[in-house]
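Asks:
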Amino acid sequence: MKNGRLFLARLIKIFWVLLLIIFNLVMAIETPEHNLLEREGRFELREYKSFLVAKTTVEDTYKEATVTGFRKIANYIFGGNKSQLSIAMTAPVIANVPNEKDIYDIVFVMPRKHTLSSLPDPDDNQVKIDTHNLGKTAVVKFGGWATKSRTEYYKKELEEYLKKKQYIAKGEFLVAQYNSPWALPPFRKNEILISIE
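Quick note: the sequence shown uses my numbering, first residue 78, plus one each step.
#1: Can you check DSSP and say which residues form a bridge with N267?
#2: I'd like to confirm the pairing. Which residues does DSSP put opposite K213 in its beta bridges?
#3: Have a look at L235, L129, K213 and flag the residue whose alpha-carbon is nearest the alpha-carbon of S272.
#4: With a CB to CB cut of under 8 Å and the five nearest residues on each side skipped, what residues in its chain are close to S163?
#5: Looking at C-alpha atoms only, which residue of A172, G118, E136 is the closest neighbour of V130?
#6: Using alpha carbons as the reference points, say which of Y181, H209, I106, P169 lies closest to E136.
#7: So, using beta-carbon positions, are V216 and E234 closer together than 8 Å?
#8: Can you pull the DSSP bridge partners for S272?
#9: Rounded to the nearest angstrom, what separates R148 and N158 at their Cα positions?
#10: Tell me which residues share the same chain as M166 and place their Cβ nearer than 7 Å to its Cβ, disregarding the 5 neighbours each side in the sequence.
#11: So, I183 versus T224, is the Cβ gap smaller than 8 Å?
#12: Give me the Cβ distance between P169 and T108, rounded to the nearest whole Å; I'm assuming they're in contact under 8 Å.
#13: Could you compute how far the alpha carbon of P263 sits from the alpha carbon of G220?
#14: Per DSSP, what are the beta-bridge partners of R116 in this structure?
#15: How many whole angstroms separate the CB atoms of I269 and K240, which I take to be in contact at a CB cut-off of 8 Å?
#16: Can you name, in chain order, every residue of its own chain whose Cβ lies under 6 Å from the Cβ of F120, other than the five neighbours on each side?
#17: By how many angstroms is the C-alpha of E141 removed from the C-alpha of Q254?
#18: Per DSSP, D182 forms a beta bridge with which residues?
#19: Going by DSSP, name the residue or residues bridged to N158.
#20: Quick one: using the 10 Å Cβ neighbour count with 16 as the cut-off for buried, is L261 buried or exposed?
#21: Where does the unbroken alpha helix (DSSP H) through L239 begin, and where does it stop?
This is the structure:
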């Protein structure tokens, strides 16, 4: 009986170690370059360099738009392009926070090794290659799923932070999701971002 419990305890320990290793490997995916200017709890102020993206616009509910947009751009990076080139997955996947218009830009960050001229044209004419310029950006981090209600909650938190710090927002609030769809909620990393003056 005692040996059985000891074995189970070791097995659980091994499971958690493997889970942490996998989590760290996932988090090692390339992300956009930025300088951290300030950190206060889960809030950050960053300065982003411009970066290339593949994006599509989807008119639907927040949940459906993110799924549809993800599929379209995933098809592009997995060879759905004029060169049939596979492009490395990066993070995060970026979308507008839920809005009344139900129109969402879904954005994948392209690897830094690429340029506008080295990225092949998409097979799907609804997928576009563009340059994204966030510049100076305020961020709030949160875990779990980036559901409509959670993104709206953290958007409000970021708005309150902007008021407190007297930052002036420009552009639209964005939600950035860093994990694959099958990552478990305790290991998920999300952010709400807004460019500021």
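C-beta atoms are modelled at their ideal positions from N, C-alpha and C, and glycine is treated no differently.
No experiment lies behind these values; they were computed from the predicted model shown.
Replies: On the basis of the coordinates in this document:
#1: Numbered from 1 along the sequence shown, position 190 holds the residue referred to as residue 267. For N267, DSSP records a beta bridge to F219, Q254.
#2: Counting from one through the sequence shown, the residue named residue 213 turns up at place 136. According to DSSP, which records beta bridges pairwise, K213 is partnered with E124.
#3: Residue 272 sits at position 195 when you count from the first residue of the sequence shown. Minimum Cα-Cα distance from S272 among the listed residues L235, L129, K213 corresponds to K213.
#4: One-based indexing of the sequence shown puts residue 163 at position 86. So the qualifying residues of the chain are I154, F155, G156.
#5: As a first step, residue 130 is located in the sequence shown; it is residue number 53 there, counting from the start. Sorting A172, G118, E136 by C-alpha distance to the C-alpha of V130 places A172 at the top.
#6: Locating residue 136 in the sequence shown gives position 59, where the first residue counts as 1. Closest by C-alpha distance to E136, out of Y181, H209, I106, P169, is Y181.
#7: Reading the sequence shown from its first residue, position 139 is the one you call residue 216. Reading the sequence shown from its first residue, position 157 is the one you call residue 234. Contact: no.
#8: By one-based count along the sequence shown, residue 272 stands at place 195. Answer by DSSP bridge pairing, in chain order: T214, K247.
#9: As a working note, residue 148 is residue 71 in the sequence shown. As a working note, residue 158 is residue 81 in the sequence shown. When only Cα atoms are considered, R148 and N158 end up about 14 Å apart.
#10: Position 89 of the sequence shown, counted from the start, is the residue given in the question as residue 166. Closer than 7 Å at Cβ, skipping near neighbours: I106, I154.
#11: Mapped onto the sequence shown, residue 183 falls at position 106. Mapped onto the sequence shown, residue 224 falls at position 147. Going by C-beta atoms, I183 is not nearer than 8 Å to T224.
#12: Position 92 of the sequence shown, counted from the first residue, corresponds to residue 169. Position 31 of the sequence shown, counted from the first residue, corresponds to residue 108. Sure, about 7 Å apart at Cβ, within 8 Å.
#13: Within the sequence shown, residue 263 is the residue found at index 186, counting from 1. Within the sequence shown, residue 220 is the residue found at index 143, counting from 1. Taking the straight line joining both Cα atoms gives about 7 Å.
#14: Counted from its first residue, the sequence shown places residue 116 at position 39. Checking the DSSP bridge columns, you'll see R116 partnered with E121.
#15: Within the sequence shown, the letter at position 192 stands for residue 269. Within the sequence shown, the letter at position 163 stands for residue 240. By a beta-carbon distance limit of 8 Å, I269 does not contact K240. Their separation comes to about 15 Å.
#16: The count along the sequence shown starts at 1 and reaches residue 120 at position 43. Excluding sequence neighbours, F120 sits near V217, Y238.
#17: Locating residue 254 in the sequence shown gives position 177, where the first residue counts as 1. Locating residue 141 in the sequence shown gives position 64, where the first residue counts as 1. The C-alpha of Q254 lies about 15 Å from the C-alpha of E141.
#18: Locating residue 182 in the sequence shown gives position 105, counting from the first residue. D182 pairs with T134.
#19: On the sequence shown, position 81 is the one that residue 158 refers to. Under DSSP, N158 takes part in a beta bridge, and its partners are P199.
#20: For the purposes of this step, residue 261 is taken as residue 184 along the sequence shown, with counting starting at 1. The residue is exposed, with fewer than 16 neighbouring Cβ atoms inside 10 Å.
#21: Reading the sequence shown from its first residue, position 162 is the one you call residue 239. Taken as a continuous stretch (DSSP letters only), the alpha helix (DSSP H) holding L239 covers 225 to 242.
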